[in-house]
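Inspection log for the structure reproduced underneath, given as structure tokens.
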Amino acid sequence: MPLNRNSIVEDTYAEGFRSIFAEFLITARDRTWLDHCCHAVTGHASSTILCDSEAGVAQMLDGVSPGQETPDGRVGAVIQVHVPRFRKDRQGHLEKVLLARISQNVLTCPTARCFNRLQSEPYFKLGRKVAFFGDGHQFRAERFGSKGWVIPTMGGEFYLTRRFGFSDGVMGGNLWFMARSEAASLDAAERAVAAVQQCPDSVLCFPGGVAASASKAGSRYSFLIASTYAEYCPTLVEKL
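Going left to right, the sequence shown walks through residues 101 to 340 as our numbering numbers them.
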């Protein structure tokens, strides 16, 4: 599909595989602390080749505008966390990932709160597990229109909902940018990122939403499940 005389889109193979994912909302006092929390909870989650999950920010909410309301009226961010569906332990693994990321990166962020966004059967009783940090002083309460747990902290209280659901999703990398220079390809990639960021149900997991290289399945080394796509590396053109 020609876009202009210098660019062509080839509608060909796209990598996509099934996932299960959780979606939750983080709110905070202001955008500064919300950003800190988002960076922490989605950290080291670019690829399940060697990360426990793939995670990112699906949408930023101002908390008050129509369609952007949050339960407590504060600024918020919708977070998605995906794990591959082909894992036999996918549900148990996703719960462990959520427990670690929420307890270590949301609970620890000043002024943050955490709300489930997906209703499902079965579900994870995640709130109760995170609440053990309260060391017996935690308690159940209904706040902000949902049932949750309240954990006393040195900053006041941390609130999160009791149950966290999950659903089916899709993971994968689907756009390759072939260009005459790194600068040209990166410019195209940055424009693609800006377009995807307008889609509220999508997350971009790699740094800046862009992977520096595609990877192929397998390797000449038995301990690697993926490796560089040598056939497309410009510095290997003469060698290969």
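Glycine included, C-beta positions come from ideal geometry on N, C-alpha and C. Here the structure is a predicted model, which is why all the values come from computation and not from measurement.
Checklist line | L218 to S267 span [Cα, whole Å] | finding: 7 Å
Check: To which residues of the same chain is P210 closer than 7 Å at the C-beta, ignoring the five residues directly before and after it?
Finding: W133, G255
Check: What are the start and end residues of the alpha helix (DSSP H) that includes Q191?
Finding: 190-205
Next item on the list: Please specify which runs of the beta strand (DSSP E), each continuous and at least 3 residues long, are wholly inside the stretch 201-251, giving them in chain order.
Entry: 213-216, 239-243
Margin query: Suppose you measure from the CA of K188 to the CA of E338; what does that come to, to the nearest Å?
Written below: 42 Å
Checklist line | Endpoints, alpha helix (DSSP H) assigned at R118 | finding: Counting along the chain, R118 falls outside any alpha helix (DSSP H), though it belongs to the beta strand (DSSP E) covering 117-127.
Next item on the list: Spatial neighbours of F124 within its chain, please: CB distance less than 7 Å, with the 5 preceding and 5 following residues excluded, ordered by chain position.
Entry: I179, C214, F215, N216, R217, F264
Notebook entry, point to check: In angstroms, rounded to a whole number, what distance separates the CA positions of M101 and V206?
Noted result: Here M101 scores only 47 on pLDDT, less than 50, and its place in the model is too uncertain to base an answer on.
Check: With respect to the alpha helix (DSSP H) encompassing S315, which residues constitute its N-terminal and C-terminal limits?
Finding: Where S315 is concerned, there is no enclosing alpha helix (DSSP H), although the beta strand (DSSP E) it sits in stretches over 315-317.
Note to self: Taking the beta carbon of Y321 as the centre, do at least 16 other beta carbons fall within 10 Å, making it buried, or is it exposed?
What the structure shows: exposed
Next item on the list: Please work out which residues of its chain come closer than 7 Å, Cβ to Cβ, to R174, disregarding the five sequence neighbours upstream and downstream, and give them in chain order.
Entry: T127, A128, R129, G163
Next item on the list: Determine the direct distance from the alpha carbon of L150 to that of H182, and round the result to whole angstroms.
Entry: 14 Å
Item checked: Among Y113, I251, A200, K229, nearest to Q238 - alpha-carbon criterion -> I251
Note to self: Determine whether the beta carbon atoms of A200 and C137 lie at a separation below 8 Å.
What the structure shows: no
Note to self: On the CB-based measure, 16 or more other CB atoms within 10 Å of its CB, does R262 come out buried or exposed?
What the structure shows: buried
Margin query: By the three-class DSSP mapping on this structure, what secondary structure does G255 have?
Written below: coil
Item checked: Whole-number beta carbon distance between A177 and C305, since they are thought to touch under 8 Å -> That belief does not hold up - the Cβ atoms of C305 and A177 are roughly 15 Å apart, past 8 Å.
Item checked: At least 3 beta-carbon pairs within less than 8 Å: the stretch 227-246 vs the stretch 281-292 -> no
Notebook entry, point to check: Between the C-alpha atoms of G273 and A292, what's the straight-line distance to the nearest angstrom?
Noted result: 13 Å
Check: Could you give the distance in angstroms between the alpha-carbon of H144 and the alpha-carbon of C333?
Finding: 25 Å
Next item on the list: Evaluate Q298 with the Cβ neighbour count: other Cβ atoms within 10 Å of its Cβ, from every protein chain shown; 16 or more gives buried, anything less gives exposed.
Entry: exposed
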